[in-house]
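Numbering (my numbering), first residue to last: 822 to 1154. All residues carry an ideal CB built from backbone N, CA and C; glycine is no exception. Note that the structure is predicted; figures quoted are calculated from it, not measured.
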């Protein structure tokens, strides 16, 4: 090999380390530019910190208003079910269809006949000062089917309950005082509407609250059955229903319920409305004391726009946001 060829080969080898150093320098320079860009974006608030994202992620508490509408299309009764995943609790509030709306003195039954469940939701929020997240109406059949998934409820009658229907023995009621009776979905429904209680419709409403409390706790005691039937229950509730609950709403609530099922608790607790019944139980005016107790029970206050807010959750979220902001300011200095 000539001396000239040896020199060219030596020259090519000597350039390789130089090229490698050049490439490494460019990569380091690009990395520094990227870090500077990210820093500037964060400084001007164009890029959120992970701490900021965590500050706004909260577990949602939700209020669902369910109504039963009979075969004639008349609103029969309602239940507010408030689910609070933060402490694995469910509050059950039975609402009579004869409850008077404070703004126009119409009963919830009359409002339903004029404006459907959307009108009932607005009237409920105005009367009780609580926000309703979702509502749905159930037919007699749908109500009974949901109850029968769990075998109904066991009920101890506080007095003799007796009623002969005009239809057939299937709709008759005969329960002795103190008797422990196993009630099917049909019997539960009949006891919420028949005039069998000595205190009139207040007795029907109290029974509805007790039955729904027992049913929900049974759902959690039979957690495997509940997990397998959540989609089925959603379909029963929303089919041919006057509802604003969509699939996304259900999926969110379903995720909370499934998490609560793992707690092995019986979370439901009833709270029976108090107030004044009108002549022949044609109207029911809920008392201000009960509304105050309800708000205190669920640790909520009413915002100026009429919606319900959770002050504790807001305080925690605000504290996290302020902490994240202080850390960001310290990093920028």
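By the DSSP assignment, the alpha helix (DSSP H) with residue i in it spans what residues?
i	result
residue 1022	1022-1042
residue 1113	1109-1118
residue 782	As displayed, the chain neither begins before 822 nor continues past 1154, which places residue 782 out of reach and without an answer.
residue 967	961-970
For residue i versus residue j, is the C-beta distance shorter than 8 Å?
i	j	result
residue 998	residue 980	yes
residue 955	residue 1040	no
residue 1037	residue 913	yes
residue 930	residue 895	yes
residue 996	residue 1011	no
residue 1104	residue 938	no
residue 1017	residue 982	yes
residue 924	residue 947	yes
residue 903	residue 926	no
residue 969	residue 1006	yes
residue 957	residue 1083	no
residue 1085	residue 1095	no
residue 898	residue 1013	yes
residue 1112	residue 949	yes
residue 906	residue 1080	yes
So residue i packs on residue j, CB below 8 Å; how close in whole Å?
i	j	result
residue 967	residue 1054	6 Å
residue 944	residue 922	4 Å
residue 987	residue 1102	Not quite, the Cβ-Cβ distance comes to about 20 Å (not below 8 Å), so this is no contact.
Just grab the DSSP bridge partners of residue i for me.
i	result
residue 1002	976
residue 898	889 and 917
residue 986	According to DSSP, which records beta bridges pairwise, residue 986 is partnered with nothing at all.
residue 956	886
residue 903	884 and 912
residue 1106	1097
residue 928	921
Which residues bound the beta strand (DSSP E) around residue i?
i	result
residue 1090	1089-1091
residue 995	994-996
Just to check, is the beta-carbon of residue i closer than 7 Å to a non-hydrogen atom of the ligand NAP?
i	result
residue 1083	The ligand NAP is not part of this structure, which contains no ligands at all.
So that I know if they touch, is there some Cβ in chain D lying closer than 8 Å to that of residue i?
i	result
residue 1038	Looking at the structure shown, chain D is missing, and only one protein chain is on hand.
Item to check | Any 3 or more C-beta pairs closer than 8 Å across the region 1042-1059 and the region 917-924 | outcome: These segments do not touch.
Checklist entry - Hey, is the region 956-966 in contact with the region 887-900, meaning 3+ C-beta pairs nearer than 8 Å? => result Pairwise C-beta distances place the region 956-966 in contact with the region 887-900, as three or more of them are shorter than 8 Å.
Checklist entry - At a cut of 8 Å, does the region 1022-1038 reach the region 967-977 through at least three beta carbon pairs? => result Flag = yes, the region 1022-1038 and the region 967-977 touch.
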